[in-house]
Structure formats: C-alpha cells, structure tokens
Amino acid sequence: MNDALGMPQTAVVVGATSDIARSIVRELAGRRLSKVVLTGRDEARLDAVDEEVAALGIATHTKVLDVTDVAAHSAFVKRAADALGQVDLVVMAVGALEPDGPEPPGPVETAELFATNCTGPAALLTAFAKLLCDQGQGRLLVLSSVAAVRVRRVNYPYGASKAGLDAFAQGLSMGLEGTGASVVIVRPGWVATRLTEGRAPAPFATTPDAVARDVAAALERGTSVVWSPPVLRFVFGALQFLPRALWRRLPS
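Position 66 of the sequence shown, counting from 1, maps to 744 under our numbering, and the rest follow consecutively.
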C-alpha cells in the first residue's frame with residue numbers, strides 16, 4: 679500500500695540491472711520502499727544488484743526473466759504478487775540501443791530491438807495491469823525516451839521502438855481510468871549510463887540519479903508524464919512543430 683504521501687512501499691523492477699532502475703530503487707529506498715522484486719536477464723548482474731538493494735535495508739526477491747519471453751510473463755506476475763502481497767509500483771526499465779555506427783541494424787537486429795523495447799514490455803505491462811486492476815490500486819512506471827516524441831534519422835530504430843511503447847502506455851493509461859491503477863510515463867533525455875558509454879552526449883544530458891529524483895517527485899505529485907530534465911518538455915513541445923526539412927538537418 680502506498681504511504682500517506684503516495685509513495686510506494688512495494689515494487690517490481692523489470693530491467694533491474696539498468697543504471698536508471700538502480701537509481702530509482704536507491705531514491706525510493708529513502709522514501710519508505712521496503713520490499714522489491716528484481717528481475718533481469720543477466721543473472722550475474724542481477725545478483726550484484728540484489729546485494730546492492732539488500733544493503734539499503736530492503737527485502738528483495740529476484741527472478742531471471744527475459745522480457746521478450748512472453749510465455750513466461752503470467753507465471754512471473756503471479757510470483758511477484760505472491761512475494762509482495764500487494765504491488766504498489768511496477769518499474770518497466772528494460773531497453774536496448776542499436777549499435778553505434780553509420781549503418782542501421784538489419785532485419786533480425788531490428789526485430790530484436792522492437793521485442794526488447796516495445797512488444798515485450800507492452801505484453802508484460804498488460805499482465806501487470808490486470809493485477810493492479812484486481813487490487814484496485816498501483817502504478818505502472820514506464821521508461822520511455824524523448825527519442826519517442828519525434829523520431830530522428832540518427833537513431834530511428836531505437837526512437838521508433840520507444841515511440842511504440844510510449845503510445846501503448848498512453849493508451850493503457852486511458853484504459854485504466856476508474857480502476858484505481860494508473861500509468862506514469864518517463865521521458866528522459868540523453869542519460870549517461872552503461873548503454874550510452876562511449877557515445878557523444880546530446881544537449882540537456884542528464885544522469886540516472888537526476889532521473890530518479892524527477893521520478894520520485896512525480897510519484898509524490900501524482901504526475902502522469904515525467905520529462906527529465908523538466909526543460910525537455912518545452913524543448914520537444916517546440917521541436918514537434920519544426921518543419922521536416924529542418925528537423926532532418928539537425929546535428930546528430
């Protein structure tokens with residue numbers, strides 16, 4: 679059950695080995711988060727995160743899960759519910775980038791990117807949405823990206839896959855109205871993480887800890903869309919109206 683300030687006391691973190699997910703857990707640990715289910719597909723990294731989170735005084739349960747394995751979703755949701763009793767928050771933090779280079783990914787790589795960034799998360803969010811509706815409360819926190827707002831030539835496979843997830847989350851949010859369950863969409867800018875290491879930062883670059891603080895503040899306020907840093911809300915609000923010819927010429 680959320681506390682008096684609306685902050686979650688239990689959470690399921692999908693993609694728990696990501697730098698942003700780890701920062702979110704650390705931030706919420708100081709705001710009464712007491713029990714979590716952590717999942718990821720790399721067992722060694724998941725074990726390391728489990729130790730890190732347990733050291734914060736949070737009771738942990740771990741489960742290796744590949745979000746693209748849709749057949750495993752129902753069993754995982756049940757296991758998470760059994761472990762937590764009631765799920766206050768589901769953090770969907772899985773994600774992948776295309777290779778850094780001049781050539782776009784091929785057909786197989788593109789399909790894998792969409793399965794990781796869009797279709798797999800959408801399927802698991804659907805399963806958790808039913809659980810939260812049955813509970814009558816709970817929030818789905820979906821890590822999207824500003825790249826989803828308007829797709830760019832430089833990273834269009836990633837941007838398009840995140841755009842699909844972002845649109846799905848918007849629709850799911852409307853579908854959950856009146857159920858007690860809700861959706862929070864997080865749109866970070868360029869974040870300095872393990873995934874972006876070695877890549878040139880974009881304007882308004884941020885850090886996992888800064889994103890986590892923005893997420894926690896939004897959970898307290900009951901905000902449904904989080905821009906991190908907040909200025910990107912206005913930047914991309916303006917960029918959406920930029921003519922296509924100018925948009926294509928923006929530096930990568």
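Just so you know, even glycine gets a beta-carbon here, dropped at the ideal spot from N, CA and C.
Here the structure is a predicted model, which means the values were calculated and not measured.
Within the present structure, is the beta-carbon of R865 separated from the nearest heavy atom of the ligand NAP by less than 7 Å? The model on display carries no ligand, and the ligand NAP is accordingly not part of it.
Rounded C-beta distance between V703 and A758? I'm assuming under 8 Å. Counting from one through the sequence shown, the residue named residue 703 turns up at place 25. Counting from one through the sequence shown, the residue named residue 758 turns up at place 80. The pair is not a contact, with the Cβ atoms about 15 Å apart (cut-off 8 Å).
Spell out the partners DSSP gives I863 in its beta bridges. Numbered from its first residue, the sequence shown carries residue 863 at position 185. According to DSSP, which records beta bridges pairwise, I863 is partnered with V820, V903.
So which of G773, Q764, D778 has the shortest CA-CA distance to A793? Position 115 of the sequence shown, counting from 1, holds the residue named residue 793. Checking every option, the nearest Cα to that of A793 belongs to G773.
For Q918, decide whether its Cβ has a neighbour in chain C, counting only Cβ atoms nearer than 8 Å. Structure shown: chain C not included; a single protein chain is present.
If you pair each beta-carbon of the region 728-743 with each one of the region 808-815, do three or more pairs fall below 8 Å? Taking a contact to require three or more Cβ pairs closer than 8 Å, the region 728-743 and the region 808-815 do not qualify as touching.
Measuring CA to CA, which of E787, L775, K713 is closest to L767? Start at 1 with the first residue of the sequence shown, and residue 767 comes out as number 89. Checked all of E787, L775, K713; the closest Cα to L767 is K713.
So E705 and A894 are supposed to be a Cβ contact under 8 Å. How far apart are they, rounded? Along the sequence shown, read from residue 1 onward, the residue named residue 705 stands at position 27. Along the sequence shown, read from residue 1 onward, the residue named residue 894 stands at position 216. Confirmed, about 5 Å.
Straight-line gap, I785 to L802 (C-alpha atoms, nearest Å): Mapped onto the sequence shown, residue 785 falls at position 107. Mapped onto the sequence shown, residue 802 falls at position 124. Residue identity check: residue 785 is Pro in the sequence provided, not Ile. So the alpha carbons of these two residues sit roughly 24 Å apart.
Give me the Cα-Cα distance between R948 and M685, rounded to the nearest whole angstrom. This structure gives no information on residue 948, because the portion of the chain shown stretches from 679 to 930.
Mind checking which residues open and close the beta strand (DSSP E) that includes T738? For the purposes of this step, residue 738 is identified with residue 60 of the sequence shown, where counting begins at 1. Counting along the chain, the beta strand (DSSP E) containing T738 begins and ends at 737-742.
Taking the straight line between their C-alpha atoms, what separation do you get for V869 and A753? If you number the sequence shown from 1, residue 869 lands on position 191. If you number the sequence shown from 1, residue 753 lands on position 75. When the Cα atoms are used, V869 and A753 turn out to be separated by approximately 33 Å.
Option in T857, T901, G853 with minimal Cα separation from R865: Within the sequence shown, residue 865 is the residue found at index 187, counting from 1. The shortest Cα separation from R865 among T857, T901, G853 belongs to T901.
Which two residues bound the contiguous alpha helix (DSSP H) that contains T871? Locating residue 871 in the sequence shown gives position 193, counting from the first residue. Run containing T871: none; DSSP gives neither H nor E here.
Alpha-carbon spacing of S823 relative to A841, whole angstroms: Working through the sequence shown from its first residue, we reach residue 823 at position 145. Working through the sequence shown from its first residue, we reach residue 841 at position 163. In this structure, the CA atom of S823 is about 8 Å from the CA atom of A841.
Helix, strand or coil: how does DSSP classify G718 here? Indexing the sequence shown from 1 puts residue 718 at position 40. Three-state DSSP puts G718 in a strand.
Own chain partners of L775 with C-beta closer than 7 Å, once the 5 adjacent residues on each side are dropped: What you label residue 775 is simply residue 97 of the sequence shown in a count that begins at 1. Cβ neighbours of L775 within its own chain (closer than 7 Å, five residues either side excluded): Y836, L873.
How far does the beta strand (DSSP E) with A689 in it extend, from its first residue to its last? Taking the first residue of the sequence shown as position 1, residue 689 is located at position 11. Per DSSP, A689 belongs to the beta strand (DSSP E) from 688-692.
What three-state label does DSSP hand M685 in the structure shown? Position 7 of the sequence shown holds residue 685. M685 carries a coil assignment under DSSP once its states are collapsed to helix, strand and coil.
Restricting to runs no shorter than 4 residues, where is the alpha helix (DSSP H) found entirely within the region 738-815? If we require 4 residues or more, the alpha helix (DSSP H) runs fully inside the region 738-815 come out as 751-762, 785-792, 798-813.
For the alpha helix (DSSP H) containing Q848, list its first residue and its last residue. The residue you call residue 848 lines up with position 170 of the sequence shown. It spans 834-853 - the alpha helix (DSSP H) in which Q848 sits, taken as one unbroken run.
In the DSSP assignment, what residue or residues form a beta bridge with T884? Taking the sequence shown and counting its residues from 1, the one referred to as residue 884 is at position 206. Paired residues: V869.
Determine the extent of the alpha helix (DSSP H) in which R710 is found, giving its start and end residues. Counting from one through the sequence shown, the residue named residue 710 turns up at place 32. Counting along the chain, R710 falls outside any alpha helix (DSSP H), and DSSP gives it neither H nor E.
Report yes if the CB atom of T884 is closer than 8 Å to the CB atom of G867, and no otherwise. The residue you call residue 884 lines up with position 206 of the sequence shown. The residue you call residue 867 lines up with position 189 of the sequence shown. Less than 8 Å separates the beta-carbon of T884 from that of G867.
Relative to the C-alpha of M770, which candidate in A749, F846, G814, A737 has its C-alpha closest? Translated into positions along the sequence shown, residue 770 becomes position 92. Closest by alpha carbon: F846.
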